[in-house]
Structure formats: structure tokens, C-alpha cells
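S.K.:
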Amino acid sequence: MTYWLSQVLNGLSFGMLLYFLAAGLTLTLGVMRVVNLTHGSFYLIGAYMALEMVRRSDNFAAAAVVAAAVVAVLGAAVYLLLRFTGHDPLRETLLTFGLVFIIADFALVHWGGGPMSVKKPAFLEGPFVIGGLEYPSYRLFIIGLGAVVAIVLELLERRTLVGAMVRAVVDDREMAGGIGLHAGVVGAATFILGAALAGLSGAMGSALLGAYPGADVQTLLLALVIVIIGGMGNLTGSLIGALLVGLIDTFGRVLVPQIGASLIFLLMLVTLIARPAGLFGRRS
Numbered sequence: 002m003t004y005w006l007s008q009v010l011n012g013l014s015f016g017m018l019l020y021f022l023a024a025g026l027t028l029t030l031g032v033m034r035v036v037n038l039t040h041g042s043f044y045l046i047g048a049y050m051a052l053e054m055v056r057r058s059d060n061f062a063a064a065a066v067v068a069a070a071v072v073a074v075l076g077a078a079v080y081l082l083l084r085f086t087g088h089d090p091l092r093e094t095l096l097t098f099g100l101v102f103i104i105a106d107f108a109l110v111h112w113g114g115g116p117m118s119v120k121k122p123a124f125l126e127g128p129f130v131i132g133g134l135e136y137p138s139y140r141l142f143i144i145g146l147g148a149v150v151a152i153v154l155e156l157l158e159r160r161t162l163v164g165a166m167v168r169a170v171v172d173d174r175e176m177a178g179g180i181g182l183h184a185g186v187v188g189a190a191t192f193i194l195g196a197a198l199a200g201l202s203g204a205m206g207s208a209l210l211g212a213y214p215g216a217d218v219q220t221l222l223l224a225l226v227i228v229i230i231g232g233m234g235n236l237t238g239s240l241i242g243a244l245l246v247g248l249i250d251t252f253g254r255v256l257v258p259q260i261g262a263s264l265i266f267l268l269m270l271v272t273l274i275a276r277p278a279g280l281f282g283r284r285s
């Protein structure tokens with residue numbers, strides 16, 4: 002029983018880590034209508050920045066904040082570059098695709114090609130005892146932090162004027178502009194927030210999964226799958242999609258390791274057939 006409970010917690014912690022990443026991407030897609038392929042690169046830079054800060058200060062909390070802030074600045078720079086594409090989907094895709102290689106090469110030159118792991122905070126190093134189960138404290142911390150972030154984002158979206166503005170732009174960009182909302186400003190703020198969340202995901206993931214070349218593409222694929230499953234522009238969908246992906250990936254690798262990694266893409270296929278707009282998405 003404790004073995005399966007630990008696998009459930011593994012899936013939840015992995016899912017919550019992916020939620021940080023997917024929440025920003027789903028809002029970017031919903032508000033700006035652009036596939037930002039650099040979102041995985043934001044994760045990678047966040048992981049490496051956390052590594053640098055922990056080396057210099059030995060303070061994981063400060064490292065996570067700095068990683069999120071640096072990636073937010075990088076996100077602002079990418080957003081400015083996207084302004085020159087003229088809202089052409091092909092140009093936007095090619096630009097962000099090219100930036101993926103540029104950022105990956107920069108990371109490879111600066112940090113090398115070997116996998117690296119960030120030191121966990123001292124108070125989260127040991128296990129936490131739940132009944133007869135000893136489980137890593139850091140994974141439980143990720144689950145708790147993910148729940149807090151999910152609640153804050155949901156309240157921000159549903160209970161505040163800022164959230165109402167974002168929902169208006171997501172639902173009908175032209176109508177939102179007609180009532181005085183500047184879709185570009187809302188889109189920029191959403192893009193930068195999404196980048197910061199990806200940087201935070203990288204910082205948290207660097208102590209759990211490590212930082213290594215190729216993590217950008219892997220996390221981007223998972224984030225896109227979650228957005229497709231949950232529905233574009235829907236934070237609740239991102240949360241449910243991330244938890245489903247985390248649990249299915251974990252149990253798939255345990256029960257059917259030969260095909261475990263492909264089960265999440267099977268889930269995506271089934272979702273596209275049954276609900277093309279996603280579990281919580283709405284048709285245009």
C-alpha cells in the first residue's frame with residue numbers, strides 16, 4: 002500500500018511542477034494566440050540561474066526568486082522581438098523556434114553538457130513520515146507550493162479586475178478592444194508572468210530533475226500536451242491536465258515501462274478526438 006501511495010505522490014509532485022510551466026503557456030496561448038516555443042527555454046534558464054545563485058549564496062529561496070525574475074526579463078525581451086513579426090503565426094513560430102536553439106547553445110557554452118543538480122534547502126533534505134511511509138520532504142513541498150500557486154492564480158483570474166481583463170481578452174480579443182482594453186498590454190503582462198512561472202518551475206525542477214541540455218524541449222512538449230488536454234487559456238484545465246500527465250507518466254513507467262512514456266500522448270489523442278478544444282476549453 003505504501004508503495005502505491007508513494008507513486009501517487011510522485012505523480013502529484015511531478016504534475017504540480019509541470020503546472021508552474023503550463024499555467025503560463027496556456028495563458029500566453031489564450032491571450033496572445035501565439036505558440037511560444039521558447040517556453041521550455043525559460044524553464045532551462047530558470048534551472049541554470051537557480052544553480053548559479055545557490056552556488057553563490059547557498060539560499061534556495063533567493064535563488065528561486067532570482068531565477069523567476071531573470072526569466073521574466075528574458076520573457077519581456079522575447080515579447081518585444083515577437084512584436085516585429087506582425088502577428089504572423091508562421092513568423093512567430095519560426096522566430097521562437099530559432100530562439101530555442103540560440104538559448105540552448107548559450108546554455109551549453111556557459112554551463113556545459115553534463116547534468117547538474119541544485120542543492121535542496123537543508124530543511125527539505127530529509128524524508129517526511131506519513132504513517133508508515135517515509136517520503137521526500139522536497140516533493141511534498143512542491144505539491145504544497147503548487148496548490149498555493151494554483152489557488153492564487155485562480156483567485157487572481159476569477160476574483161480580481163485584472164483577471165476579468167485577461168478573461169475578456171481570452172474570450173473575445175476584438176470586443177475587449179472595443180470596450181477600451183488594450184490587448185497588447187494585457188498580453189505583455191501575461192507573457193511576462195508566464196515566463197516568470199516557467200523560471201520558477203525551472204528553479205524547483207532543478208533540485209528534483211536536474212538541469213541538463215535537452216530539458217527545454219522535453220518540458221516544452223509536456224507543457225504543450227497539458228495545454229491541449231486542459232484547454233487553451235484555462236488555468237483550471239492546466240491544473241487538471243498537469244496532474245493527469247504527472248500521474249499517467251508515473252504509473253505508466255511503473256506498470257508498462259515499455260510504453261509508459263507514450264501514454265500521455267495517447268491521452269492527448271483521445272482528448273483531441275473527444276473534445277478538440279480541451280477538457281475545459283471552448284470552441285472558437
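Note that my numbering gives residue 33 to position 32 of the sequence shown, counting from 1, and the numbers run on in steps of one.
Built from N, CA and C at the ideal position, the CB exists for glycine as well.
Using only CA atoms, which one of Val257, Ile274, Gly279, Ser42 lies nearest to phenylalanine 102?
M.R.: Ser42
S.K.: With distances taken between CB atoms, is the gap from threonine 220 to glycine 12 smaller than 7 Å?
M.R.: Taking 7 Å as the Cβ cut-off, threonine 220 and glycine 12 do not qualify as a contacting pair.
S.K.: Tyrosine 49 lies in the alpha helix (DSSP H); which residues open and close that run?
M.R.: 40-58
S.K.: Can you tell me whether valine 36 is helix, strand or coil according to DSSP?
M.R.: coil
S.K.: CA-CA distance, glycine 188 and tyrosine 4?
M.R.: 44 Å
S.K.: I'd like to know whether the C-beta of glycine 234 is nearer than 7 Å to at least one C-beta of chain B.
M.R.: Among the chains of the structure shown, chain B does not appear; only one protein chain is present.
S.K.: Measure from the alpha carbon of serine 239 to the alpha carbon of each residue in Thr39, Ala208, Ala148, Lys120, then state which is nearest.
M.R.: Ala148
S.K.: Counting along the chain, where does the alpha helix (DSSP H) carrying glutamate 155 start and finish?
M.R.: It spans 138-160 - the alpha helix (DSSP H) in which glutamate 155 sits, taken as one unbroken run.
S.K.: Is the beta carbon of glycine 282 closer than 7 Å to that of methionine 233?
M.R.: yes
S.K.: What are the boundary residues of the beta strand (DSSP E) that includes proline 368?
M.R.: Lying before the first or after the last residue shown, residue 368 is absent from the chain, which here runs from 2 to 285.
S.K.: Residue range of the beta strand (DSSP E) that proline 128 falls in?
M.R.: 128-131
S.K.: Note down the Cα distance separating leucine 75 from valine 186, rounded to an integer number of angstroms.
M.R.: One C-alpha to the other measures close to 17 Å.
S.K.: Pick helix, strand or coil for leucine 182, following the three-state DSSP scheme.
M.R.: The DSSP-derived three-state label of leucine 182 is coil.
S.K.: Can you find the residues in the same chain that come closer than 8 Å, C-beta to C-beta, to serine 7, ignoring five residues on each side of it along the sequence?
M.R.: For serine 7, same chain residues with a beta-carbon under 8 Å away, outside a window of 5 residues either side, are Leu134, Tyr136 in chain order.
S.K.: Identify every residue that forms a DSSP beta bridge with glutamate 135.
M.R.: Residue pairing for glutamate 135: DSSP places it in a beta bridge opposite Val130.
S.K.: Flag this pair as yes or no: are the beta carbons of methionine 269 and valine 226 separated by less than 7 Å?
M.R.: Yes, the pair counts as a contact, with Cβ atoms nearer than the cut-off.
S.K.: What does the Cβ neighbour count give for glutamate 93, buried or exposed, with the cut at 16 atoms within 10 Å?
M.R.: buried
S.K.: What is the DSSP secondary structure of methionine 233, reduced to helix, strand or coil?
M.R.: coil
S.K.: Which value, in whole angstroms, describes the spacing of the CA atoms of leucine 198 and valine 257?
M.R.: 32 Å
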